[in-house]
């Protein structure tokens with residue numbers, strides 16, 4: 666009887682060892698399958714985008730007009746554009762499509778000639794005045810819509826061209842003027858308003874580049890000012906995509 670109990674214990678011990686071994690093997694196999702599935706899913710979801718409208722623009726502006734008083738100093742008339750949302754729809758293949766975005770812009774304008782001012786001529790021409798500065802800064806919203814064509818096979822190295830329009834709405838404009846007085850405290854004056862700008866404007870835009878870098882140009886299809894002579898804003902610069 667004792668011998669039978671001893672044999673029974675051996676059988677139970679052997680069965681337990683076999684069960685543990687099978688359980689460990691099954692767990693290891695399950696982990697491998699789970700890892701493979703996870704890796705496969707990660708690879709399948711990492712699809713590159715051929716969108717080229719996203720990112721930030723930095724440009725220099727000039728007013729195209731026959732009126733000399735509208736001339737800007739390009740190096741002091743900067744345009745900053747930020748595209749915060751973007752929609753891309755493929756047309757005839759993933760490498761070309763229609764893009765629309767939504768963002769905001771900052772536009773500064775420094776004129777080459779003296780504009781209407783709240784300072785008197787005597788104050789500006791005073792012998793103690795070193796120089797007189799005027800600057801307009803505008804903030805607004807923009808909605809670009811372009812057709813984009815990528816000519817290469819590598820999304821990070823492909824040459825691309827985009828053409829379309831940018832709708833703009835000027836929310837507010839500030840006007841700052843300053844007298845720099847030699848040896849004394851400078852005199853500043855600041856105000857805000859519309860200053861004759863047309864609130865709704867539409868620009869034609871053309872962009873070209875490689876990968877995440879581009880050059881761009883924008884030309885106003887609508888008049889910059891709501892009244893007066895024709896004046897169209899022209900901007901050119903560089904763009905970085907992200």
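Residue numbers (my numbering): 666 to 907.
All residues carry an ideal CB built from backbone N, CA and C; glycine is no exception.
All figures in this text were calculated on a predicted structure; none of them were measured in a lab.
Worksheet item: Touching or not, the stretch 723-731 and the stretch 826-845, by the rule of three or more beta carbon pairs under 8 Å?
Response: no
Fill in: Inside the stretch 772-839 only - alpha helix (DSSP H) runs reaching at least 4 residues
786-789
Item to complete: Return the chain-ordered list of same chain residues with a C-beta closer than 8 Å to the C-beta of residue 847, the five sequence neighbours on each side being excluded.
Response: 793, 794 and 795
Worksheet item: Below 8 Å, can you find three or more Cβ-Cβ pairs linking the stretch 773-791 to the stretch 814-830?
Response: no
Practice prompt. Please classify residue 841: does DSSP put it in a helix, a strand, or coil?
Written response: strand
Fill in: Residue(s) in a DSSP beta bridge with residue 735
Beta-bridge pairing links residue 735 to no other residue.
Item to complete: Express the C-alpha separation of residue 862 and residue 892 in angstroms, rounding to a whole number.
Response: 8 Å
Worksheet item: Assuming residue 716 contacts residue 751 under a Cβ cut-off of 8 Å, what Cβ separation, rounded to an integer in Å, is found between them?
Response: 6 Å
Worksheet item: For residue 755, which beta-bridge partners are listed by DSSP?
Response: According to the DSSP secondary-structure assignment, residue 755 is paired through a beta bridge with 762.
Practice prompt. For residue 900, count neighbouring C-beta atoms within 10 Å of its own C-beta (all shown protein chains included) and say buried if the count is 16 or more, exposed if not.
Written response: buried
Worksheet item: Under the rule that 16 or more other beta-carbon atoms within 10 Å means buried, what is residue 790, buried or exposed?
Response: exposed
Discussion item. Quick check on DSSP: helix, strand or coil for residue 893?
Written reply: coil
Worksheet entry | Supposed close pair residue 815, residue 760 - CB separation, criterion 8 Å | 4 Å
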